[in-house]
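Data first, discussion second: the structure below is written as structure tokens.
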Amino acid sequence: PTGYMENSISYSAIEDVQLLSWENAPKYCLQLTIPGGTVLLQAANSYLRDQWFHSLQWKKKIYKYKKVLSNPSRWEVVLKEIRTLVDMALTSPLQDDSIHQAPLEIVSKLLSENNNLTTQDHESIIVAIAPLLENNHPPPDLCEFFCKHCRERPRSMVVIEVFTPVVQRILKHNMDFGKCPRLRLFTQEYILALNELNAGMEVVKKFIHSMHGPTGQCPHPRVLPNLVAVCLAAIYSCYEEFINSRDNSPSLKEIRNGCQQQCDRKPNLPLRLLHTSPDLVSQEATLTECRLKPVIVTSNEIHVEVERNNTANQKMTANVGNDSEPNLIDCLMVSPTCSTMSIELSAQADRILGCYVEILKMLSDYDDWRPALASLLQPIPFPKEALAHEKFTKELKYVIQRFAEDPRQEVHSCLLSVRAGKDGWFQLYSPGGVACDDDGELFASMVHILMGSCYKTKKFLLSLAENKLGPCMLLALRGNQTMVEILCLMLEYNIIDNNDTQLQIISTLESTDVGKRMYEQLCDRQRELKELQRKGGPTRLTLPSKSTDADLARLLSSGSFGNLENLSLAFTNVTSACAEHLIKLPSLKQLNLWSTQFGDAGLRLLSEHLTMLQVLNLCETPVTDAGLLALSSMKSLCSLNMNSTKLSADTYEDLKAKLPNLKEVDVRYTEAW
């Protein structure tokens, strides 16, 4: 016969699969029974033969179940077949993802094609496939089915008993919700279902705690990013109806410049927040009343109330010629045409918002999660409409407060903007920002923690003087010690050039006891500095080894060092804390910090004040690129020793380009060597 085996054999055509085991049978063979006869398959060894045997059996049975479940007649029989299918998948010796995924996909297709099932049928099917879900993510269609069940029956025991381990596995192992958004949606609906139980947020809190674990360190690194992703998506959905109206609303530049044209918009569509109608503008130009009737801007689930006034409208028209794109804060602050704003969400959206903002609060209470949470929230990943919603910013204030109270720099540094030119949480919650609902208490807390870290620099003080001097003076007038210190530093570092402003700051300081005391201390330091420069003193000084920051401070305060040009602190125990004393040496030109614990924070402070430094030895210090990059402002440097530091090649090239007088450089035992 010819033509045999030229065509493939379909799995459904295989009637039986057997291992050849009789005496003198060919080794490692399988016998397939098909309608036209039998086929022998010989493998190279017994392991491969058994693999073929179980694989063929699996395929044969899967085709059988697909056929049976594609045309269901009686649901009692269907449920029995599903249980048998699950048992077969669990007992199969084969180890492959498709072994468990194939039954889930069959059940998923069955559910999507039969929408007339009762709630009891739904729960029976979910319970039947539960064992497969312990180690496998549900396919997309099955996620849709689970979401529907969470919405329709949130108090069902299936939610607690079956869905909980599934969601826990998703949060622990999922790597990217972007590739499987329905997993994220299912997790979101599951948490909302927990919130619908009698205990409400207490149940959600226990679930979050179970995901973190009982120890101080969560053992699952993916849990926090996945929870934050779910929260951000849920919060976004609360404002989605309004966000979708942006296609028919003015751009940010139009809002800023007041050049929106109603005639260019489609009629009867929701308008955007801070929307300005030209008809109202023209009316305001002719009316003498200070205020007009409030305008209600309506979206499907959101109502935005806007009150306009003439004074603000004049400011708006003054900015028409500005072509620069406004930043986030400019657009969200009380608009040039708005004096009050309020957003009302639907009851459902309000519950969702309350639930997921509360989860963000819970996440911020865990010390080990707070650094990563601060980093994830630093870019302000919320829609502008949420930031303009008073309830949202008021609730989120707790999270920002937790960041401001954390002494770790990696946490509170995330209060600042993620990059230059972009506003951060510090700007949002400072007086004048859209989220500020107090008299500056949170602002004072943020400034206090930032000043206590490595942000005690001229640049930071200069930004405060330019943008927040008024709030700083007001809080200092009320006795806030941090703000009193800020004003004293502005005077000490000559941040304020205007004499009238300086006198106003001095008057503010002298109006309180704490301000008067700190200002007197500042005056004493200034007199001592002038006396130091007048008396002179030695030009060279070397501290004994093992000297500390306290020893250096005691020495410099005991005599006159106005002429000190060369200071050696090599092999001492000084740290970055001594930088506050070093910057008060006006004539210093050579500084040796070899084998000390002087770090990046101190280096940044030196770079701002000792601009005349010519020789600097940082050999065997813990400085990194973060601090070394600050040296680019010290244009007088002609000799720099960075031997055995964490200098990178890129930073070295950057320093060479920005320091024109640099002649002697030691970069041995670094990446740049």
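Just so we're aligned, residue 371 is where the sequence shown starts under our numbering, counting upward by one.
Every residue gets a Cβ at the ideal spot worked out from N, C-alpha and C, and that includes glycine.
Bear in mind the structure is a predicted one, so any value in this text is a computation, not a measurement.
Item, Value
"Delimiting residues of the alpha helix (DSSP H) encompassing aspartate 809", "Per DSSP, aspartate 809 belongs to no alpha helix (DSSP H) and is neither H nor E."
"Straight-line gap, isoleucine 495 to leucine 562 (C-alpha atoms, nearest Å)", "22 Å"
"CA-to-CA distance, glutamine 538 to valine 532, given in whole angstroms", "11 Å"
"Identity of the residue in Leu1017, Asp1024, Lys1028 nearest aspartate 1036 by Cα", "Leu1017"
"Candidates Glu780, Asn837, Ser877: closest to aspartate 793 by CA position", "Asn837"
"CB-CB length for leucine 502 against leucine 474, believed under 8 Å", "6 Å"
"Pick from Asp894, Met1012, Leu988, Arg848 that is closest to asparagine 885, judged by C-alpha positions", "Before going on, a small fix: residue 885 reads as glycine here, not asparagine. Nearest C-alpha to glycine 885: Arg848."
"In DSSP terms, what glycine 407 is bridged to", "Ile404"
"Spatial neighbours of threonine 945 in its chain, beta-carbon cut-off 8 Å, leaving aside the 5 residues before and after", "Asp919, Thr966, Gln967, Phe968, Gly969, Gly972"
"Simplified DSSP state of cysteine 725, which is helix, strand or coil", "helix"
"DSSP state of isoleucine 713 mapped onto helix, strand, coil", "strand"
"Reference glutamate 755; option with closest CA among Gly724, Glu714, Ser734, Asp776", "Glu714"
"Alpha-carbon to alpha-carbon, asparagine 864 and cysteine 629", "Here the model assigns cysteine 629 a pLDDT of 39, short of 50, so the residue's position is not dependable, and the following value carries that caveat. Answer to the nearest angstrom: the Cα atoms are 42 Å apart."
"Beta-carbon gap between serine 917 and threonine 942 smaller than 8 Å", "yes"
"Contact set for serine 787: own chain, Cβ-Cβ below 6 Å, skip 5 residues either direction", "Asp793, Gly794"
"Where glutamine 412 falls, given that 16 or more other Cβ within 10 Å makes a residue buried", "exposed"
"Reference isoleucine 530, options Thr585, Val497, Leu952, Glu385, closest by Cα", "Val497"
"Extent of the continuous beta strand (DSSP E) run through threonine 489", "Threonine 489 -> not in any beta strand (DSSP E); alpha helix (DSSP H) instead, spanning 489-503."
"Among Leu553, Glu514, Thr403, Asp776, nearest to leucine 820 - alpha-carbon criterion", "Asp776"
"Own chain, CB closer than 6 Å to alanine 383, minus 5 neighbours either side, in chain order", "Ile404"
"Limits of the beta strand (DSSP E) - the one that threonine 912 falls within", "910-912"
"Neighbourhood of isoleucine 578 by C-beta, 6 Å cutoff - its chain only, sequence neighbours within 5 removed", "Met732"
"Per-residue burial, asparagine 1011 [other beta carbons within 10 Å of its own, 16 or more giving buried]", "buried"
"Beta-carbon separation (whole angstroms), asparagine 396 vs leucine 410, contact threshold 8 Å", "Note that residue 396 is proline in the sequence shown, not asparagine. Between leucine 410 and proline 396 the Cβ distance is about 7 Å, and since that is below 8 Å, they are a contact."
"Test item: CB-CB of leucine 1007 and leucine 975 under 8 Å", "no"
"Proximity below 8 Å, CB of leucine 400 to CB of tryptophan 428", "no"
"Residues that DSSP places opposite glutamate 611 in a beta bridge", "Its beta-bridge partners do not exist; DSSP assigns none."
"Touch test, the region 456-463 against the region 487-494, Cβ-Cβ under 8 Å, three pairs minimum", "no"
"Candidates Leu925, Thr912, Ala949, of which the one nearest glutamate 935 by Cα", "Thr912"
"Pair within 8 Å by beta-carbon distance, phenylalanine 547 and cysteine 517", "no"
"Exposure of tryptophan 1043, with buried meaning 16 or more beta-carbon neighbours within 10 Å", "exposed"
"Cβ neighbours of glutamine 748 in the same chain (closer than 6 Å, five flanking residues each side left out)", "Cys784, Val788"
"Residues that valine 1035 bridges to, as DSSP identifies them", "Leu1010"
"Asparagine 544 burial status per 10 Å Cβ neighbour count (16 or more: buried)", "buried"
"Same chain only: Cβ atoms within 6 Å of arginine 1038, ignoring 5 sequence neighbours per side", "Asn1013"
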